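Asker: Please read through the structure below; I'll follow up with questions.
Protein chains: 2
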Amino acid sequence: MQKFKDIGLKLTPQRLAILDFLDGNTDHPSAEEIYRAVSVQFPTMSFATVYNTLDSLREKGHIIELTIDPAKKRFDPCTDMHHHLICTLCKRIQDVHIPFSLDLPEQVKGDFTLTGNHIEFYGICPACRSGHQS
Amino acid sequence: MQKFKDIGLKLTPQRLAILDFLDGNTDHPSAEEIYRAVSVQFPTMSFATVYNTLDSLREKGHIIELTIDPAKKRFDPCTDMHHHLICTLCKRIQDVHIPFSLDLPEQVKGDFTLTGNHIEFYGICPACRSGHQS
DNA sequence: CAGTTGACAAGAATAATTATTAAATGATAA
DNA sequence: TTATCATTTAATAATTATTCTTGTCAACTG
């Protein structure tokens, strides 16, 4: 777990468990899913601890908070610039690790300084297209 | 108010007021902001009516629900495909009416059928860059 | 006119999240 | 190692956004 050394936060067992669950996870889990997963090892774990940890990690830039889901926040341990491919039926979210360096014409951005972008690709996944319950 | 004719819903005064407030609005207001604005004319207006109306309008495709703000839903009367330019400091959201026809390579999308995309451009707006409260 | 339907207001209920608190723990320096 | 001190935790209360429920009323149907 070398990678958690320079995190800039106290490394408690709870945090380590959350980090461990998140590490390499591409499911974009919600706070509740993280809580459920980590509760297996730490039955005394509090929900607030999950939120606090996620908040600290976000502040330090170790995770990204996704606003893709209108109902709840989702968290992504992959902080590289990347985008998302979302099935509009089953809501599954898939990573897109291709950079798109988009710019805006002057007349649109004006004196706005562009710092980045995030693209949501919408579509129908293979599973939903074939075996959907119509 | 010709444009509200074919809405496919009963046109009640409350709904008309909401529609009227939304029409041409580029501020991406939240339910609460809509409620506050419409309450001026209809002091008895209920919050639930706002949510119900917004929900009906969304179902009929007359407005779009934005998931840009992690804290709450925002609503956009502009249903054309368009994107958003967001100031990461003051959170102001500006429309970007430029189409970006992005595609993904086969190896990424696989059998996914792409239906659309939405781009969030992040940056610092002129106001925040100059007169920010540091 | 009686009955059905849809819409409204009011407020309760729910779900996600944040804030508060005291007790426990990890980091730090002697 | 140990005392110290700030941070973290768990439990719980509070908040916020949203949805649900209920009773009522108006408009429409037959």
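Taken in sequence, the protein lines are chains G and X.
If you're matching positions, the first sequence starts at 1 in the numbering used here and goes up one per residue.
If you're matching positions, the second sequence starts at 135 in the numbering used here and goes up one per residue.
Note that beta-carbon positions come from the ideal geometry of N, C-alpha and C, so glycine has one too.
Bear in mind that the values here come from a model prediction, so they are computed numbers and not experimental data.
1. Cβ of residue 201 of chain X within 6 Å of any heavy atom in the ligand SAM?
2. Considering Cα atoms alone, identify which of G:98, G:11, G:34 is closest to residue 22 of chain G.
3. Taking only the alpha-carbon atoms, compute the straight-line gap between residue 36 of chain G and residue 94 of chain G and give it to the nearest angstrom.
4. Check whether the Cβ of residue 73 of chain G lies closer than 7 Å to any Cβ atom in chain X.
5. In whole angstroms, give me the CA-to-CA distance for residue 174 of chain X and residue 221 of chain X.
6. Reducing DSSP to helix, strand and coil, say where residue 174 of chain X ends up.
7. Find the residues of chain G that neighbour residue 203 of chain X, judging by a C-beta separation of less than 9 Å, and give them in chain order.
8. Assuming residue 67 of chain G and residue 201 of chain X make a contact with CB atoms under 8 Å, what is their CB distance in whole Å?
9. Using three-state DSSP, classify residue 181 of chain X as helix, strand or coil.
10. Do the stretch 108-123 of chain G and the stretch 249-258 of chain X meet, that is, are 3 or more Cβ pairs less than 8 Å apart?
11. Quick check on residue 192 of chain X: does DSSP put it in helix, strand or coil?
12. Among G:10, G:106, G:97, G:44, whose alpha-carbon lies nearest the alpha-carbon of residue 242 of chain X?
13. Residue 256 of chain X touches chain G at which residues, Cβ-Cβ below 9 Å?
14. Can you list, in chain order, the residues of its chain with a C-beta nearer than 7 Å to that of residue 17 of chain G? Leave out the 5 residues immediately preceding and following it.
15. Look up residue 251 of chain X in the DSSP assignment and say whether it is helix, strand or coil.
16. Suppose contacts are defined by Cβ-Cβ distances below 7 Å. Is residue 271 of chain X in contact with residue 194 of chain X by that definition?
17. Measuring only between beta-carbons, confirm whether residue 136 of chain X sits less than 7 Å from chain G.
18. Could you tell me which residues DSSP puts in a beta bridge with residue 96 of chain G?
19. Pick from X:196, X:166, X:192, X:197: whose alpha carbon is nearest that of residue 182 of chain X?
20. What residues are listed by DSSP as bridge partners for residue 65 of chain G?
21. How about residue 111 of chain G and residue 260 of chain X: are their beta carbons less than 7 Å apart?
22. Can you tell me the Cα-Cα spacing of residue 225 of chain X and residue 10 of chain G, whole angstroms?
23. Can you check which of these residues, G:63, G:15, G:50, is closest to residue 25 of chain G by C-alpha distance?
24. Can you give the Cα-Cα distance for residue 15 of chain G and residue 30 of chain G, rounded to whole angstroms?
25. Using a C-beta cutoff of 7 Å, does residue 260 of chain X count as contacting chain G?
Answerer: With the given structure in hand:
1. In the structure on display, the ligand SAM does not appear, and there are no ligands present to speak of.
2. G:34
3. 22 Å
4. yes
5. 29 Å
6. coil
7. 67
8. 5 Å
9. helix
10. yes
11. helix
12. G:97
13. 114, 115, 116, 117, 118
14. 38, 41, 42
15. strand
16. A question about residue 271 of chain X goes unanswered here, because the residues of chain X that appear run from 135 up to 268.
17. Caution applies to residue 136 of chain X, whose pLDDT of 45 falls short of 50 and renders its modelled position unreliable; the model cannot decide the point.
18. G:83
19. X:166
20. G:75
21. yes
22. 31 Å
23. G:63
24. 16 Å
25. yes
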